[in-house]
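Sequential numbering from 1 applies to the sequence shown in the numbering used here.
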Amino acid sequence: TLAGSYGSDTVMGGDGDDAMGGGAAHDLLRGGAGNDAIGAGDGNDTAHGDDGDDFIGGGAGDDLLMGGDGADTLNGGEGRDTLVGGAGTDVFVFNLADPTGPGNELVRGFELGEDMIRLIGHAGGFDALEITGMDVPTLDFSGVLVSTGELSFLIDGVEVADLSAADFTFL
């Protein structure tokens, strides 16, 4: 187990399965090879899963969470986070049941027919989602805005007609 402290830290995993966490400031966390569990702290953190099937969770800041090769699970937590999938079947998690609530997230690297969006605490299912096409040149974004009524997030690189219930799971 590797952990950051109160300052801005760099936490590096190795070739095995690592558990690591960021501290209170702006941290850089890299899992390395292996199936890693990475929890960003309260700052604006950057976390890389690298190779392996990793869980990467954000903290209270505006985080950049990046999967790698493997089936990764990315959960932004609070803040306005950017979640980037990599090669492999990735799951992007949004938990509406969390009282701190997710911020407005940006999902990049979403592969239709391979990756999944997991919505926890949304009882309405796919038909209750509002999905709108958007282009935001200043963010280099062309994709969709998905809204549950309580939460909104962006998915880059897809069009409204491309998304279906098969791209989502609801818990």
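Here a beta-carbon is modelled for each residue, glycine too, at the ideal position from N, C-alpha and C.
- Beyond the five residues adjoining it in sequence on each side, THR89 comes within less than 6 angstroms, by CB distance, of ALA71 and GLU114 in the same chain, given in chain order.
- When only Cα atoms are considered, GLY7 and LEU29 end up about 13 angstroms apart.
- Taking each of VAL136, GLY58, ASP98 and HIS26 in turn and checking the Cα distance to LEU74, the smallest one comes out for GLY58.
- Residues GLY21 of the same chain have their beta carbon placed closer than 6 angstroms to that of ALA3, with the five preceding and five following residues left out of the count.
- At the C-beta level, ALA60 and GLY76 stay beyond 7 angstroms of one another.
- CA-to-CA, the gap between GLY143 and SER152 works out to about 13 angstroms.
- In the structure shown, ALA37 adopts extended strand secondary structure according to DSSP, grouped into three states.
- Taking the Cα positions, ASP42 is about 12 angstroms away from ASP81.
- Excluding its 5 nearest sequence neighbours in each direction, SER5 has C-beta neighbours in its own chain below 7 angstroms: GLY23, listed in chain order.
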